[in-house]
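S.K.:
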Amino acid sequence: MMKRLIVCFAAVMTMLWSCTSKQEKMENRMRDFIASYETAVIPLYKESALSSWDANVNGTDEAWARNEKASLAYISYFTDKEAFAKLKELKESGKVKDPVLARQLEVIYNQFLSGQVDTSLLAEQVRMETEITKKFNSFRADVNGKMLSDNEVEDVLRNSTNSGELQAAWEGHKKIGPVVADDVIKLVRHRNRIAQELGFGNYHQMSLKLSGQDPEEVTRIFDELDSLTEGAFATLKGEIDNYYSKRYGIPAADLMPWHYQNRYFQEAPEIYSVDFDSYYKDKDPVELATTYYASIGLPVDEIIARSDLYEKPGKNQHAFSTDIDREGDVRTLDNIRPDSYWMNTIMHELGHGVY
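The working numbering puts the first residue of the sequence shown at 2, with every later residue one more than the last.
1) Would you mind listing the alpha helix (DSSP H) stretches within the stretch 258-330 that are 4+ residues and don't spill past its ends, in chain order?
2) Mark Arg141 as exposed unless 16 or more other C-beta atoms lie within 10 angstroms of its C-beta, in which case mark it buried.
3) Across the stretch 98-109 and the stretch 30-49, are there enough close Cβ pairs to call them in contact, namely three or more that are closer than 8 angstroms?
4) Just how far apart, CA to CA, sit Ala290 and Met344?
5) Taking all protein chains shown into account, do 16 or more other C-beta atoms lie within 10 angstroms of the C-beta of Met148, making it buried, or fewer, making it exposed?
6) Whole angstroms are fine: how far does the CA of Gln168 sit from the CA of Ser246?
7) Let me confirm a value: Thr162 is counted as buried when at least 16 other C-beta atoms fall within 10 Å, else exposed. Which label applies?
8) Out of Ser139, Ser94 and Ser121, which one is the CA nearest neighbour of Asn59?
9) Could you tell me whether the stretch 301-318 touches the stretch 221-240, where touching means 3 or more Cβ pairs closer than 8 angstroms?
10) By how many angstroms is the C-alpha of Gly173 removed from the C-alpha of Thr230?
11) Report buried or exposed for Asn57, applying the criterion of at least 16 other Cβ atoms within 10 angstroms of its Cβ.
12) Quick one: any contact between the stretch 24-36 and the stretch 80-97, if contact means 3 or more CB pairs under 8 angstroms?
13) Could you name the residues that DSSP lists as bridge partners for Leu149?
14) Excluding the five sequence neighbours on either side, which residues of its own chain have a C-beta within less than 7 angstroms of the C-beta of Ser49, listed in chain order?
15) Could you compute how far the alpha carbon of Asp283 sits from the alpha carbon of Arg338?
16) Would you mind giving the Cβ-Cβ distance between Ser115 and Leu211, rounded to the nearest angstrom? I have them listed as a contact below 8 angstroms.
17) With hydrogens ignored, establish whether the beta-carbon of Ile133 is closer than 7 angstroms to any heavy atom of the ligand NAP.
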């Protein structure tokens, strides 16, 4: 009896050792893969990020050409079929149990999955995306023969009470639509073709799934938010319409998109008699933000020194923060003016930066 127990115990221990050995082997293979992956992908990612920064700041044809080349080089790395086969084997083995390694495997596997199509399709996608972005960034609204920046359009929409001026400014900005419409439609079809070749219904579905999200769950969440806020929004929208009806001297039913003080109706309308801009008229939003972040122990001087903060021709007119190398080269692009909008924006972007 004792001998039989010893034999059974030895057999169990052998099986456990074998399983542990296979797990350790697979996890070590994953570590080796990550090491080679980082060696190759880090410089490609950094050049892509730097070239994108240069193109968004300067907007020259040379800068955009460099960005297109760098972006293609980066995504082309993930077309390696041999590397993808190794990842697929690791994933299907089920032996990568370490939580961090398992998560790294999932993320890297999805990156390579997105590249398992003909490289020429990816090259065409990058070319189309670059061209559309270049057109958006360089666009300035033609309003009655005068070229206006986004800041200038917003200034008209916020402050004018003349419906004709408002309409001209709003529609002048919307002239970007015909400039890129055909290109965007072609890009949508091209992206969908890539997604379908990879087994997805469309590019939207693929983007969500490969970033770890469930499309149905995302839709459900937004449907629920819409249902929960529909009544409150309708009430507030009624108050806004009533205010603007009086402001412009027209019936609420005649209010048009250009009456709502913003190109996209994405900023809270100024329906209360508080002039927030007056608080920043003679102030420097960058200096105020820098002082604030220093006061809470999060200095931003190095971020500010690397950033591009003010308007210039050909520059991206919006705002974003970026991490060039994920080793501390954090920057923010802005188009700052001394007003409440840009005070809020620089605080927001530096919040991303310090994080």
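Quick reminder that beta carbons are idealized off the backbone N, C-alpha and C, glycines included. It should be emphasised that the depicted structure is a prediction, and the values quoted were computed from it without experimental measurement.
M.R.: Considering the structure as presented:
1) Qualifying alpha helix (DSSP H) stretches, in chain order: 286-296 and 302-307.
2) Around the beta carbon of Arg141, 16 or more other beta carbons sit within 10 angstroms, so the residue counts as buried.
3) The stretch 98-109 vs the stretch 30-49: in contact.
4) Between the C-alpha atoms of Ala290 and Met344 there is a straight-line separation of about 8 angstroms.
5) With fewer than 16 other Cβ atoms from the protein chains shown falling within 10 Å of its own Cβ, Met148 counts as exposed.
6) Each residue's alpha carbon lies about 16 angstroms from the other.
7) Around the C-beta of Thr162, fewer than 16 other C-beta atoms lie within 10 Å, and the residue is accordingly described as exposed.
8) Minimum Cα-Cα distance from Asn59 among the listed residues Ser139, Ser94 and Ser121 corresponds to Ser139.
9) Note that the stretch 301-318 does not touch the stretch 221-240; fewer than 3 beta-carbon pairs, one per stretch, sit closer than 8 angstroms.
10) So the two alpha carbons sit approximately 32 angstroms from each other.
11) With a 10 Å radius around the Cβ and a threshold of 16 neighbouring Cβ atoms, Asn57 comes out buried.
12) Verdict: yes, contact present.
13) Leu149 is bridged to Ala142.
14) Excluding residues within five positions, the ones whose Cβ falls inside 7 angstroms are Ala71, Ser72 and Tyr75.
15) Looking at the backbone, the Cα of Asp283 and that of Arg338 are separated by about 10 angstroms.
16) In this structure Ser115 is in contact with Leu211, their Cβ atoms being roughly 6 angstroms apart against a cut-off of 8 angstroms.
17) Absence of the ligand NAP is noted for the structure shown, with no ligands found whatsoever.
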